[in-house]
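Visitor:
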Amino acid sequence: MNTASPRDFLASTTDARVLEAQTPSSDYIDIGADHPLRLDCDKVLAPFRIAYTTYGALNAAKSNAILVLHALTMDQYVASPHPVTGKPGWWEVMVGPGKPIDTDRFFVVCPNVLGGCMGSTGPASINAKTGKPWGIDFPVITIGDMVDAQVPLIDHLGIDQLFCAIGGSMGGMQVLEWAARHKERVFTAVPIATAAWHSSQNIAFHEVGRQAVMADPNWCEGRYLERGVEPRNGLAVARMAAHITYLSEEALQRKFGRSLQDLAAKSFSFNADFQVESYLRHQGSTFVDRFDANSYLYITRAIDYFDLAAEHGDVLANAFKGTKTRFCVVSFTSDWLYPTRESREIVHALNAVAANVSFVEIESDKGHDAFLLEEPELFATIRGFLNAAAERRGLKPAPERR
Amino acid sequence: MLAPATPQTTRVDHLLIAEMVAAGSRVLDVGCGDGALLQLLADTKNVDGRGIEVARERVNACVARGLSVIQGDADRDLVDYPDGAFDYAILSLTIQATRQPKMVLEQLLRIGRSAIVSFPNFGHWQVRSRLAFTGRMPVTENLPEAWFVSPNAHLCTIKDFADLCRVVNARVERAVAFNAWGQQLGTWLPLTVHNLMGEKAVFMLTRQWAH
Numbered sequence: 007m008n009t010a011s012p013r014d015f016l017a018s019t020t021d022a023r024v025l026e027a028q029t030p031s032s033d034y035i036d037i038g039a040d041h042p043l044r045l046d047c048d049k050v051l052a053p054f055r056i057a058y059t060t061y062g063a064l065n066a067a068k069s070n071a072i073l074v075l076h077a078l079t080m081d082q083y084v085a086s087p088h089p090v091t092g093k094p095g096w097w098e099v100m101v102g103p104g105k106p107i108d109t110d111r112f113f114v115v116c117p118n119v120l121g122g123c124m125g126s127t128g129p130a131s132i133n134a135k136t137g138k139p140w141g142i143d144f145p146v147i148t149i150g151d152m153v154d155a156q157v158p159l160i161d162h163l164g165i166d167q168l169f170c171a172i173g174g175s176m177g178g179m180q181v182l183e184w185a186a187r188h189k190e191r192v193f194t195a196v197p198i199a200t201a202a203w204h205s206s207q208n209i210a211f212h213e214v215g216r217q218a219v220m221a222d223p224n225w226c227e228g229r230y231l232e233r234g235v236e237p238r239n240g241l242a243v244a245r246m247a248a249h250i251t252y253l254s255e256e257a258l259q260r261k262f263g264r265s266l267q268d269l270a271a272k273s274f275s276f277n278a279d280f281q282v283e284s285y286l287r288h289q290g291s292t293f294v295d296r297f298d299a300n301s302y303l304y305i306t307r308a309i310d311y312f313d314l315a316a317e318h319g320d321v322l323a324n325a326f327k328g329t330k331t332r333f334c335v336v337s338f339t340s341d342w343l344y345p346t347r348e349s350r351e352i353v354h355a356l357n358a359v360a361a362n363v364s365f366v367e368i369e370s371d372k373g374h375d376a377f378l379l380e381e382p383e384l385f386a387t388i389r390g391f392l393n394a395a396a397e398r399r400g401l402k403p404a405p406e407r408r
Numbered sequence: 002m003l004a005p006a007t008p009q010t011t012r013v014d015h016l017l018i019a020e021m022v023a024a025g026s027r028v029l030d031v032g033c034g035d036g037a038l039l040q041l042l043a044d045t046k047n048v049d050g051r052g053i054e055v056a057r058e059r060v061n062a063c064v065a066r067g068l069s070v071i072q073g074d075a076d077r078d079l080v081d082y083p084d085g086a087f088d089y090a091i092l093s094l095t096i097q098a099t100r101q102p103k104m105v106l107e108q109l110l111r112i113g114r115s116a117i118v119s120f121p122n123f124g125h126w127q128v129r130s131r132l133a134f135t136g137r138m139p140v141t142e143n144l145p146e147a148w149f150v151s152p153n154a155h156l157c158t159i160k161d162f163a164d165l166c167r168v169v170n171a172r173v174e175r176a177v178a179f180n181a182w183g184q185q186l187g188t189w190l191p192l193t194v195h196n197l198m199g200e201k202a203v204f205m206l207t208r209q210w211a212h
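Each protein sequence line maps, in turn, to chains C and S. Under this note's numbering, the residue at position 286 of the first sequence is numbered 292, and the numbers go up by one with no gaps. Under this note's numbering, the residue at position 189 of the second sequence is numbered 190, and the numbers go up by one with no gaps.
As structure tokens, this is what we get:
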């Protein structure tokens, strides 16, 4: 076992993922000790760093900014290649020139969440006080903390009011927190495939994932970075279990059925006989190459703790009282992680304060992950909603494309 | 982009509603369909309009053209809105398709300072004669579906609707019937004539407070 000191480990590592957590290849801002972040757990975090990417140009009035908020295992590389995997941005179908979130017209900002592992401060970052990675000494954070940590970034960019905050899944939760905590700073809000609180079943799935990580002997009580090891198996199992919840029974059946993987007959072993097993193992192993296990614990915890109604006297509508934000809530028929009824709850709360809200349920058999995929109806909805809102805000149309 | 409404396809009841609605007001269109009325009101009266529509594909089309519309239905989703949230709550050719028309009308009167309701008149002479002479549920231009596929669960006549207005304590501010050619029937004509000659009717209502 590698017993080198943490600095030695970090100095000697060539692991791109570990390096990205320390010094992102994207832009970042460091928020100094003079602007401490008071967390929901009542601890104070300072200094901290938010890594982010931008696309397009901010107009003179600074009125065309769209904040894209990412889901659990995503990062700031929404429309540019991932520095570790080299894969395209995770939402390139949605964000780019001529796309629904048109970077020829809008200025897109996408931060890595607090607690993440792609350069924003999180458990894989070095704690300035100890010189060691935070590990599980990192304070437990909430979705609201993630949002509050993004505020200095938006200030830094000189943006008073975002034209739009948009995101799916946990990104949608951040959208709701932005709309609730910083009402006057969000002109439109688009929470997609999300909920105002995390259900018991979803907490249960997260707990399975965390237990898988923590049961891996290489987790080392959260201090694996210093020991030069990684709970790869545990994190891979966590990812496999979670990945099932992002799909639908129908999509899995259609994609894999009971087909065997490169086999003529069953092997009568515990090898990955079935294609679906092989697929999940692949999902697990590629995930651990790019994600920090402790980050996974912290971010899933933040999602578990999310309950917007509880933050507002158990009445969800109170979260939106007095809002002038225009909302567009989107759900998918086959999403059983955040089913339509949970989006409808958000809509009902918005109706209760007579907010300006659109709500579409999109027919898809692709499950929760549909929001990341080629869904023409989703694109038409987002495009139409943003264009109408942009017109209302007096934004110039995108230049003619040839 | 907000596409302008095309006048040649604009329904006569929509034109009348657009005439009734004050410019710049807040409007909820319950059962907004493809958003034609909301679009008309946005274009001609600059209203702050919202819609509710049950059919998913119509909702998505509305949102894609920039209208604020939610997927939902009148029976279930009106209860959420606060009292007096809108200047006008509109139910256009929809009340006959609701499960609980009385409750829906009460909700409209609660949510809107005024309620505007249009509906096909089942007392129209063509409907009556179809039923009388063929002995079958009438299928007309205005009521095109056979009974077994029709979404219409609670058809009524103009007289029936006037009765309902009394039951829910609504004041009829204005009532207009259109004949089969889309012409308004003279207001001097007795209710019985409206009920016989009107193919559809538009009522503008306000709540009569008990005290």
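The beta carbon of each residue, even a glycine, is placed where N, CA and C say it ideally should be. Quantities reported herein were computed from a predicted structural model and do not represent experimental measurements.
Which of helix, strand or coil does DSSP assign to residue 140 of chain C?
Guide: The answer is coil: DSSP assigns residue 140 of chain C none of H, G, I, E or B.
Visitor: Within the 7 Å Cβ cut-off, does residue 409 of chain C reach chain S?
Guide: The structure shown does not extend to residue 409 of chain C, since chain C spans only 7 to 408, so no value can be given for it.
Visitor: Which chain C residues sit within Cβ distance under 7 Å of residue 60 of chain S?
Guide: Correct list: 366.
Visitor: Thinking C-beta only, is residue 185 of chain C closer than 7 Å to residue 195 of chain C?
Guide: Yes, the Cβ-Cβ distance between residue 195 of chain C and residue 185 of chain C is below 7 Å.
Visitor: DSSP on residue 182 of chain S, reduced to helix/strand/coil?
Guide: It is coil, neither helix nor strand.
Visitor: Please identify, using Cβ separations under 8 Å, the residues of the stretch 69-87 of chain S that lie next to chain C, in order along the chain.
Guide: So the close ones are 69, 70, 71, 72, 73, 78, 81, 82, 83, 86, 87.
Visitor: Give the secondary structure of residue 199 of chain S by DSSP, where H, G and I count as helix, E and B as strand, and everything else as coil.
Guide: Residue state, collapsed to three classes: coil.
Visitor: Short of 6 Å in beta carbon distance, which residues of its chain neighbour residue 212 of chain S, apart from the five on each side in sequence? Order them along the chain.
Guide: With a pLDDT of only 42 at residue 212 of chain S, under 50, the local geometry of the prediction cannot be trusted, and no value is derived from it.
Visitor: Is there a Cβ of chain C sitting closer than 7 Å to that of residue 169 of chain S, yes or no?
Guide: No, residue 169 of chain S lies away from the interface with chain C (no Cβ there is under 7 Å from its Cβ).
Visitor: Got a sec: is the Cβ-Cβ distance from residue 24 of chain C to anything in chain S below 7 Å?
Guide: Chain S, which has no Cβ nearer than 7 Å to the Cβ of residue 24 of chain C, makes this no.
Visitor: Residue 232 of chain C CB to nearest chain S CB: under 7 Å?
Guide: Cβ-Cβ to chain S under 7 Å: no for residue 232 of chain C.
Visitor: Residue 182 of chain S: buried (16+ other C-beta within 10 angstroms of its C-beta) or exposed?
Guide: So residue 182 of chain S ends up on the exposed side.
Visitor: Can you give me the start and stop residues for the alpha helix (DSSP H) that residue 56 of chain C sits inside?
Guide: No alpha helix (DSSP H) holds residue 56 of chain C; the beta strand (DSSP E) holding it covers 54-61.
Visitor: If you follow the alpha helix (DSSP H) that residue 241 of chain C is in, where does it begin and where does it stop?
Guide: Counting along the chain, the alpha helix (DSSP H) containing residue 241 of chain C begins and ends at 238-252.
Visitor: Are residue 56 of chain C and residue 129 of chain C closer than 7 Å when you measure CB to CB?
Guide: It is not a contact, given that the beta carbons lie outside the stated cut-off.
Visitor: For chain S, find out if any of its Cβ atoms is closer than 7 Å to the Cβ of residue 391 of chain C; answer yes or no.
Guide: Closer than 7 Å: yes.
Visitor: For residue 65 of chain S, would you say it is in contact with chain C, using Cβ-to-Cβ distances shorter than 7 Å as the test?
Guide: Taking Cβ atoms only, chain C reaches closer than 7 Å to residue 65 of chain S, which makes this a yes.
Visitor: Using the DSSP secondary-structure output, state which residues sit across from residue 453 of chain C in a beta bridge.
Guide: The structure shown does not extend to residue 453 of chain C, since chain C is modelled only from 7 through 408, so no value can be given for it.
Visitor: Which chain S residues sit within Cβ distance under 7 Å of residue 354 of chain C?
Guide: Ordered by position in chain S, the residues that pass the 7 Å Cβ test against residue 354 of chain C are 81.
Visitor: Determine whether the Cβ of residue 100 of chain S lies closer than 7 Å to any Cβ atom of chain C.
Guide: Chain C, which has no Cβ nearer than 7 Å to the Cβ of residue 100 of chain S, makes this no.
Visitor: Answer with yes or no whether the minimum CB distance from residue 383 of chain C to chain S is below 7 Å.
Guide: For residue 383 of chain C, the answer is yes, since a Cβ of chain S falls inside 7 Å of its Cβ.
Visitor: Counting only C-beta atoms, is residue 70 of chain C closer than 7 Å to chain S at any point?
Guide: With 7 Å as the cut-off, residue 70 of chain C does not count as an interface residue toward chain S.
Visitor: Can you tell which of C/391, C/397, C/396 has the C-alpha that lies nearest to the C-alpha of residue 63 of chain S?
Guide: With distances taken between Cα atoms, residue 63 of chain S lies closest to C/391.
Visitor: Quick one, which of C/299, C/371, C/92 has its alpha-carbon nearest residue 131 of chain C's?
Guide: Ranking C/299, C/371, C/92 by Cα distance to residue 131 of chain C puts C/299 first.
Visitor: Using CA atoms only, rank isn't needed, just tell me which of S/196, S/109, S/203, S/168 is closest to residue 174 of chain S.
Guide: Checking every option, the nearest Cα to that of residue 174 of chain S belongs to S/203.
Visitor: So, residue 279 of chain C versus residue 258 of chain C, is the Cβ gap smaller than 7 Å?
Guide: No, they are not a contact pair.
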